[in-house]
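There are 2 protein chains.
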Amino acid sequence: MAMEGMSMTQMNPNSLNFSGGPGALPESVLQQVQQAIIAVPEVGLSVLGISHRSDWFAAVVAELERNIRSLLGLPDSYHVLLLQGGATQQFSMVPMTLLHGATAPADYLHTGYWSGKVLAEARREGPIRTLWSGQDSGFTRLPDDGELAFAADAPYLHYVSNETVEGLQFQRVLGRDDVPRVCDMSSDFLSKPCEAERFALIYAHAQKNIGPAGVTVVLVRDEVLAHAPDDLPGFLDYRSHVKAHSNFNTPPVFAIYVVLLVTRWLLNEVGGLHNMAARNAAKAELLYGVLDASDGYYRGRARVQDRSSMNVSFNLATPALEQQFLAEATAAGLSGLGGHRSVGGLRASLYNGLTLPAVEVLAGFMDDFRRKHA
Amino acid sequence: MAMEGMSMTQMNPNSLNFSGGPGALPESVLQQVQQAIIAVPEVGLSVLGISHRSDWFAAVVAELERNIRSLLGLPDSYHVLLLQGGATQQFSMVPMTLLHGATAPADYLHTGYWSGKVLAEARREGPIRTLWSGQDSGFTRLPDDGELAFAADAPYLHYVSNETVEGLQFQRVLGRDDVPRVCDMSSDFLSKPCEAERFALIYAHAQKNIGPAGVTVVLVRDEVLAHAPDDLPGFLDYRSHVKAHSNFNTPPVFAIYVVLLVTRWLLNEVGGLHNMAARNAAKAELLYGVLDASDGYYRGRARVQDRSSMNVSFNLATPALEQQFLAEATAAGLSGLGGHRSVGGLRASLYNGLTLPAVEVLAGFMDDFRRKHA
Numbered sequence: 001m002a003m004e005g006m007s008m009t010q011m012n013p014n015s016l017n018f019s020g021g022p023g024a025l026p027e028s029v030l031q032q033v034q035q036a037i038i039a040v041p042e043v044g045l046s047v048l049g050i051s052h053r054s055d056w057f058a059a060v061v062a063e064l065e066r067n068i069r070s071l072l073g074l075p076d077s078y079h080v081l082l083l084q085g086g087a088t089q090q091f092s093m094v095p096m097t098l099l100h101g102a103t104a105p106a107d108y109l110h111t112g113y114w115s116g117k118v119l120a121e122a123r124r125e126g127p128i129r130t131l132w133s134g135q136d137s138g139f140t141r142l143p144d145d146g147e148l149a150f151a152a153d154a155p156y157l158h159y160v161s162n163e164t165v166e167g168l169q170f171q172r173v174l175g176r177d178d179v180p181r182v183c184d185m186s187s188d189f190l191s192k193p194c195e196a197e198r199f200a201l202i203y204a205h206a207q208k209n210i211g212p213a214g215v216t217v218v219l220v221r222d223e224v225l226a227h228a229p230d231d232l233p234g235f236l237d238y239r240s241h242v243k244a245h246s247n248f249n250t251p252p253v254f255a256i257y258v259v260l261l262v263t264r265w266l267l268n269e270v271g272g273l274h275n276m277a278a279r280n281a282a283k284a285e286l287l288y289g290v291l292d293a294s295d296g297y298y299r300g301r302a303r304v305q306d307r308s309s310m311n312v313s314f315n316l317a318t319p320a321l322e323q324q325f326l327a328e329a330t331a332a333g334l335s336g337l338g339g340h341r342s343v344g345g346l347r348a349s350l351y352n353g354l355t356l357p358a359v360e361v362l363a364g365f366m367d368d369f370r371r372k373h374a
Numbered sequence: 001m002a003m004e005g006m007s008m009t010q011m012n013p014n015s016l017n018f019s020g021g022p023g024a025l026p027e028s029v030l031q032q033v034q035q036a037i038i039a040v041p042e043v044g045l046s047v048l049g050i051s052h053r054s055d056w057f058a059a060v061v062a063e064l065e066r067n068i069r070s071l072l073g074l075p076d077s078y079h080v081l082l083l084q085g086g087a088t089q090q091f092s093m094v095p096m097t098l099l100h101g102a103t104a105p106a107d108y109l110h111t112g113y114w115s116g117k118v119l120a121e122a123r124r125e126g127p128i129r130t131l132w133s134g135q136d137s138g139f140t141r142l143p144d145d146g147e148l149a150f151a152a153d154a155p156y157l158h159y160v161s162n163e164t165v166e167g168l169q170f171q172r173v174l175g176r177d178d179v180p181r182v183c184d185m186s187s188d189f190l191s192k193p194c195e196a197e198r199f200a201l202i203y204a205h206a207q208k209n210i211g212p213a214g215v216t217v218v219l220v221r222d223e224v225l226a227h228a229p230d231d232l233p234g235f236l237d238y239r240s241h242v243k244a245h246s247n248f249n250t251p252p253v254f255a256i257y258v259v260l261l262v263t264r265w266l267l268n269e270v271g272g273l274h275n276m277a278a279r280n281a282a283k284a285e286l287l288y289g290v291l292d293a294s295d296g297y298y299r300g301r302a303r304v305q306d307r308s309s310m311n312v313s314f315n316l317a318t319p320a321l322e323q324q325f326l327a328e329a330t331a332a333g334l335s336g337l338g339g340h341r342s343v344g345g346l347r348a349s350l351y352n353g354l355t356l357p358a359v360e361v362l363a364g365f366m367d368d369f370r371r372k373h374a
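Same order as they appear, the protein sequences are chains A and B.
In terms of the UniProt record's numbering, the first sequence is residues 1 to 374.
In terms of the UniProt record's numbering, the second sequence is residues 1 to 374.
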C-alpha cells in the first residue's frame, strides 16, 4: 500500500499506536524505561526491586511533584498525590469525601460514557443532581453555557474534561467560582495548560498522556479536605496519602517512575505545556482536516466546536467498511484504531506520545483508503 | 574484602538485592521484561501501550489464572482475581465483605507489624476479636496451638502467614475447618505449596515473590461472596472483579504481565512450588546456620521454630555495629539489608528471585565481618 510523505518503514510499531489507552509513550521515555528494568542509572538496581522506602524513591516522588507543580503553575495550597485504583477509585473517593454532611446535591454533568460511569458510583455515596445530560443527543455534543444553571448551594460541581469514547472535549472551564470544581482530566491531563488553580480537585489516571496504567494523579486544594469524614479506610482517605507523601502503603513504584520520566520529557524535550498543546493541536487539525475534506466519507462523531484534540472518533458508511478499514490499517502497521466497545466505529487517539509524523502516516492511509473504496 | 566461594564480581547488583520488598526478581524475567518495554514478542508493541481490552491482554489474564491454579492445585470453586490497592485494600475489603450482617466477631491474630495494620483497618468495618497477640513478647514468637481457642461462631479467622518485619512464619495451617480461613500471604505466596484449598480467601500483593508493586492476587471461594453487601462501590466489590475477569476498570497491565512471566518461570524453569520451597529452604538454612554458628554475634530475632524462610531478621550487639555492617555491605555490593524502620536492626529477605549463590556471598560476607569486628 503506497503512502505519501513519511514512510511507515521509517517508524517503529509503537510510533503508530493510536490506542485509546493505555496509550503510546514517547520513544525517549521507553528507552530510559528499558534501561531502568535492569538498572536505574543513579542506583544500579532494577526499578522493579528498589524499596519504596528508599531515599531514591522519596526523591522520585518529590521531583515528580515538583515537575507537576512547575508544568501547571500549581500553588502551594494544593497537594499532589499519586494513588492506585484508577479514576474509578476517584469516582467514589470524591463523593465519600466531599458529600460528607451535605444536604444539597452535588452537580454532575453527563456528557458521555465515562461521566455516566462516574454518576453510577457517585449516587451510592450521597445526593447527586444531573445538571445536564447529552443522552438524548447521543452524546454527540457538549452543553452550551445557556443550558447550564449551576446551583449556588451545590457542595461541588463534577465534570469530565474529555470524553475519550465519544471524542468530546470542553474548551473552557465550567462552573461558578464560589462552588468547588472537581474534574476528571484522565484523558487530557498534561496535554495542555488547564487553569488548575480554578479547580478544587483534579484527578487523572496515567495511562493516556503520562504513563502506564496503575497510578492516578490527584491535585487537591488543602481546604477541601478539612471536612472529610474520619471513618474512612486509610487508603480511601486523601489525608492518609497527604500525610505519607503518597507512600501510605506500597505505591506502584514502576508506574510512578515512568510518569516522572514523562514529566521530565515534557519539561526538557517538549518545553512545557504550551508547546505540548501546540503539538497536540497540530495533530488534531491534520486529522480533522482529513475528515472535513472527505465529502462525508469519514463522518466525525462530535459536533465541530466540541471536538477533542485527544480522541478523534469517526464512522464510515457501514460497519463492514469500518472492519475493512481496521483490517487494512493493521496490515499497514497502524494499530489501536477500533472505536470503544460501547459505540463501535473508529477512533484515533492522539495522546502526548503520538507524533505528528505518525498522524501524517494515518492521514495518508485514510486518503488512500478513501480513493480505493469510495 | 575477600570472599570465599562465589565472587561478587560474577554477580550483577540485582542478584545481591536483599530488599524486604519490592524484592529482587529472577534475572530471566527481568530480561523478558526489558524486551517487552519495546515490544512484547507476540504483539510487536510496548507492553506499556497495549490496550487492556485487547485479545492479548485477555490471554495474559487467562494464562496467569491457569498458571496460579496449576501451581497451587486450586479447585474451580475459587476465583483468581488481580486487583489494585495492595494488601492494604484487602485489609478493608475482607471485613466489608465478610462481616456484612455478622453478629459474632471475626477472629484476628496479632503476630507482628503487618497483622497490627490489618487489625486497625478491620476494626472500622465491624466486630473483631484479637484472638492472640504477640505484643507482650515483643513479636519474637508465634502462638502455639494450646494458646489458640478459635471461636466456632466467628464469621472468619484472619491471620498473616509470614510477618516480614519480624521474620516470623507459620509452619502450619491454623483454625477450624468449619470457620472460613482468610490469610494475608503477601510475603510468602508462591514461595512454597500452601494448601490453598483449606482457605476461603487468600490475598497477596506481588512485590515480594511474584512481581512488581501495583497488583494483588486474591483467591476466593465462590460461596464466600454469596452474602456480600450490595451497596459497595464497584471497585471494592469482589463480584465486580469476578464478573469482569479482573478487567472491571483499567488494570495494571504491566505489573500483571510481569507476574505472568514469574509464574511461567516457576512452572518451566523452577519446576513447581515443591522445587521452589526446596530452594527457599536451602537459602534460609544456610543463613540461619551463619547466625547459629556465630556464638551469639548475630542474634536472630525470631524463636527458632517460628523462623521465616523469607525474612531473616537479626541484630548485632549495638546499633552502631549494625550501621557499620550496612556500610560495609553496601560497599561490597550487597543491598537492602537494613531492618524495617519500625524495628531497626538487620534483615535479609530471601524471596523467590534471590539465588543460593547470592546467599552464599552474604554468608561469606557475614563470616568475614564477624572475624574482622568480633
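The beta-carbon is built from N, C-alpha and C at its ideal position, and this holds for glycine as well.
Asked, Found
"Express the C-alpha separation of A:A348 and A:G339 in angstroms, rounding to a whole number.", "8 Å"
"If we ignore side chains and look at the alpha-carbon of each, how far apart do A:P22 and A:L362 end up?", "19 Å"
"With a threshold of 16 other CB atoms inside 10 Å of the CB of B:R307, please say whether the residue is buried or exposed.", "buried"
"Just to confirm, is the Cβ distance from A:V179 to A:V33 under 7 Å?", "no"
"In whole angstroms, give me the CA-to-CA distance for A:G86 and A:T164.", "15 Å"
"For the alpha helix (DSSP H) that B:R66 lies in, which residues bound it at each end?", "55-72"
"Determine, using beta carbons only, whether A:E195 and A:V173 come nearer to each other than 7 Å.", "yes"
"Flag this pair as touching only if the region 182-194 of chain A and the region 26-40 of chain B have three or more C-beta atom pairs under 8 Å; answer yes or no.", "no"
"As a quick exercise: from A:F91, A:V43, A:I50, A:M11, pick the residue whose alpha carbon is nearest that of B:P212.", "A:I50"
"Given a cut-off of 7 Å on the beta-carbon distance, is the pair B:A302 and B:G167 in contact?", "yes"
"Answer yes if the region 146-157 of chain B comes into contact with the region 88-105 of chain B, meaning at least three C-beta pairs across the two stretches below 8 Å, and no otherwise.", "yes"
"Of all the options B:D367, B:T216, B:A228, which has the alpha carbon lying nearest to the alpha carbon of B:L287?", "B:D367"
"Are any of the Cβ atoms in chain A nearer than 7 Å to that of B:N209?", "no"
"Using Cβ-Cβ distances below 9 Å, what residues of the region 10-28 of chain B are close to chain A?", "N12, P13, N14, N17, S19, G20, G21, P22, G23, A24, L25"
"Checking contacts by CB at 7 Å: is residue 375 of chain A closer than that to chain B?", "Lying outside 1 to 374, the shown extent of chain A, residue 375 of chain A is not represented and no answer is given."
"Counting pairs of Cβ atoms below 8 Å between the region 120-134 of chain A and the region 101-110 of chain A, do you hit three or more?", "yes"
"In the DSSP assignment, the beta strand (DSSP E) including B:I202 goes from what residue to what residue?", "201-205"
"Using CA coordinates, which residue listed in A:R123, A:Q90, A:Q89, A:R53 is at the minimum distance from A:P105?", "A:R123"
"Which residues does DSSP list as the beta-bridge partners of A:F314?", "A:G300, A:L346"
"So who's on the other strand from B:E163, going by DSSP bridges?", "B:L168"
"Inspect the CB distances between the region 10-20 of chain B and the region 325-335 of chain B and report whether three or more fall short of 8 Å.", "yes"
"Suppose contacts are defined by Cβ-Cβ distances below 7 Å. Is B:V215 in contact with B:Y203 by that definition?", "no"
"Just the chain B side, please: which residues come within less than 9 Å of A:F189 by C-beta, in chain order?", "What A:F189 touches in chain B: nothing, since even the nearest Cβ is about 15 Å away."
"Under the assumption that A:V61 contacts A:L82 (Cβ atoms under 8 Å), give the Cβ distance between them as a whole number of angstroms.", "7 Å"
"Counting contacts by CB-CB distance shorter than 7 Å, is A:V359 in contact with chain B?", "no"
"Could you tell me which of B:K283, B:Q324, B:N67, B:S246 sits nearest to B:L190, measuring between CA atoms?", "B:N67"
"B:R341 touches chain A at which residues, Cβ-Cβ below 7 Å?", "R53"
"Tell me which residues of the region 241-257 of chain A have at least one Cβ-Cβ distance to chain B shorter than 9 Å, keeping chain order.", "F248, N249, T250, P251, P252, V253, F254, A255"
"How big is the Cα-Cα spacing for residue 405 of chain A and B:S246?", "One cannot answer for residue 405 of chain A here, as it falls past the ends of chain A, which runs 1 to 374."
"Pull up the distance between the alpha-carbon of A:V312 and that of A:L142, whole angstroms please.", "15 Å"
"Could you check if B:N275 is buried or exposed, using at least 16 other CB atoms within 10 Å of its CB as the buried criterion?", "exposed"
"Let's see if you can read the secondary structure: which residues bound the alpha helix (DSSP H) around B:I256?", "253-264"
"Got a sec? Which residues, its chain only, sit under 6 Å from B:M3 by beta carbon, not counting five neighbours each side?", "In this prediction, B:M3 scores a pLDDT of 42, lower than 50, which makes its location untrustworthy; the coordinate-derived value is nonetheless stated afterwards. Around B:M3: G364."
"According to DSSP, simplified to helix, strand and coil, what is B:T103?", "coil"
"Would the beta-carbon of A:P251 fall within 7 Å of that of A:H52?", "yes"
"Which runs of the alpha helix (DSSP H) at least 4 residues long sit entirely within the region 79-156 of chain B? Give them in chain order.", "86-98, 113-122"
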